[in-house]
């Protein structure tokens, strides 16, 4: 029987994969030359970037308002102006950008991206708008230790995941142990805490960090292929859009605008003011969004979880089997994958869902599976004689469940539901990968803008502790009151 159920579940999973793949193919075939037309029809150019990469793109408070700035942002504004449309910036981790472009979440990527052969197979690129040298950042005390690419045998070297710097480190720093992380501030933190001895960065980014941290220095390393192009990524086959973008790039280069954009970005990087004055609002905003995500996730998860629990307790197989499959699938797959499926999958089937809504949906669907088991266990813990006694008094199955079983089960369920809320608060940090501006995302923003990789982490850990500790204490009070009422 169990083998038969597993075979059915595997068949459904295979069908889902084939359908999902078919949607991807259809969607990809539909982009083509229609990209420019769609941008003009909606009147908005959606640009994807990772705003933790000064001076290319980073957050800064200007006139009391949080804004994404940098010379990549200035280029994006120029292109939007030339296309006579508004600019909409969508932030996410760098390694999520190509997926967002291919599924139509963004119209182009302007994020210091190099047109490598692997990327050119998947997307089209504009003409390069700048050429940059790749540099190696080390601690100042180790500067004389690294003078050649041959000096890195057995040395841990950091690079941002899925970047040109990662490829360069693997191919040219002979014998090095390359460690790839998602964010540049995390690389710098690892370097300063002796977790790695060198980090490969683009020249402008490396110089920005060194200007702010006197304990760091540039190693005198010359890469054979150290000069890399930086270009704008667009959907495959979008030739009309590509021509327009290339025209804007040529105008930027011919009129000297790029130098102006770089000077403006460098000036914005180093504004006066205390740490709290400049970045306090980021932590407040991130905390509020984290609470909202957790509350929505648990509330919707409790509603769906209740339905799943009742289905799993039902006597009919056609109700039990789908609920069991859903619960086992969700509990058996990482939350990160579920977030990506919701975020990219909704776009593939033609639904333009925001990162925040995608995060709420993914957290709700994930929480529902765990809540279902909590509720099922709570109901099962009530003595079976209670149901038999209610039925013997003439009550229906539904009335017995509603008035006799569930009120008793709630006392078993509530503490576990509270713990689920605490868990979701912490798990909500994962949705930062798709650009939801919750607490962990804002921590990355502050790390990039302040060039201080460690202090924001301490502040964030304290905020999470206050949230979870306060909620745990409230749950403890509620639990004691329920015991007293007994």
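Numbering (mature numbering (1 follows the signal peptide of the UniProt record, and there is no 0)), first residue to last: -28 to -1, 1 to 458. Ideal Cβ positions, reconstructed from N, Cα and C, are used throughout, including at glycine.
Subject >> Whole-angstrom C-beta distance between residue 157 and residue 387, which should lie under 8 Å >> reply: Not really, about 38 Å apart at Cβ, beyond 8 Å.
Original post:
Got a sec, what are the start and stop residues for the beta strand (DSSP E) residue 9 sits in?
Top reply: Note, residue 9: premise wrong, no beta strand (DSSP E); alpha helix (DSSP H) at 6 to 14.
Original post:
residue 314 by DSSP, collapsed to three states: which one?
Top reply: helix
Original post:
Would you call the CB atoms of residue 94 and residue 208 closer than 8 Å?
Top reply: yes
Original post:
When the Cα atoms are used, what is the spatial distance from residue 115 to residue 28?
Top reply: 26 Å
Subject >> Pair within 8 Å by beta-carbon distance, residue 85 and residue 130 >> reply: no
**OP:** Could you tell me the distance, in whole angstroms, from the CA atom of residue 30 to the CA atom of residue 121?
**Re:** 31 Å
Original post:
Are the beta-carbon atoms of residue 42 and residue 237 separated by less than 8 Å?
Top reply: yes
Original post:
Does the Cβ-Cβ distance between residue 108 and residue 212 come in under 8 Å?
Top reply: no
Original post:
Beta carbon of residue 16, beta carbon of residue 61: below 8 Å?
Top reply: no
Subject >> Inter-residue spacing [alpha-carbon to alpha-carbon] between residue 443 and residue 170 >> reply: 41 Å
**OP:** Determine the DSSP secondary structure at residue 373, reduced to helix, strand or coil.
**Re:** helix
**OP:** Take the Cβ of residue 393 as the centre, count every other Cβ of all protein chains shown within 10 Å, and call the residue buried at 16 or more, exposed below.
**Re:** buried
**OP:** Might you give, ordered along the chain, the residues of its own chain that have their beta carbon closer than 6 Å to the beta carbon of residue 450, omitting 5 neighbours on each side?
**Re:** none
**OP:** Just tell me which of 270, 89, 438 and 360 has its CA closest to the CA of residue 205.
**Re:** 89
**OP:** Rank 219, 411, 254 and 226 by C-alpha distance to the C-alpha of residue 54 and give the top, closest one.
**Re:** 219
**OP:** Tell me, please, whether the stretch 340 to 358 touches the stretch 289 to 299 by the rule of three or more beta-carbon pairs shorter than 8 Å.
**Re:** yes
Original post:
Measuring CA to CA, which of 249, 234 and 304 is closest to residue 45?
Top reply: 234
**OP:** Compare the C-alpha of residue 460 against each of 32, 315 and 139 and name the closest.
**Re:** Not covered by the structure: residue 460. The range shown for the chain is -28 to 458.
**OP:** Closer than 6 Å by C-beta to residue 113: which residues in its own chain qualify, once you throw out the five before and the five after it? Chain order, please.
**Re:** none
**OP:** Identify whether residue 168 lies in helix, strand or coil by the three-state DSSP scheme.
**Re:** coil
Original post:
Can you give the Cα-Cα distance for residue 179 and residue 188, rounded to whole angstroms?
Top reply: 10 Å
**OP:** Mind listing, in chain order, the continuous alpha helix (DSSP H) runs of no fewer than 4 residues lying wholly within the stretch 310 to 371?
**Re:** 327 to 352 and 356 to 364
Original post:
Under a three-way DSSP split, which group does residue 61 fall into?
Top reply: strand
**OP:** Would you grab the beta carbon distance between residue 155 and residue 24 for me? Rounded to a whole angstrom, and I think it's under 8 Å.
**Re:** 5 Å
Original post:
Among 285, 401, 454 and 445, which residue has its Cα nearest to the Cα of residue 382?
Top reply: 454
Subject >> Cβ neighbours of residue 485 in the same chain (closer than 7 Å, five flanking residues each side left out) >> reply: Residue numbering for the chain in the displayed model covers -28 to 458; residue 485 lies beyond these limits and cannot be assessed.
Original post:
Does the Cβ-Cβ distance between residue 159 and residue 134 come in under 8 Å?
Top reply: no
**OP:** Give every residue of the same chain whose Cβ lies closer than 6 Å to the Cβ of residue 419, excluding the five residues on either side of it in the sequence, and list them in chain order.
**Re:** 157, 425 and 428
**OP:** Count the other C-beta atoms from every protein chain shown that fall within 10 angstroms of the C-beta of residue -7, then say buried if there are 16 or more, exposed otherwise.
**Re:** Here the model assigns residue -7 a pLDDT of 42, short of 50, so the residue's position is not dependable and the matter cannot be decided.
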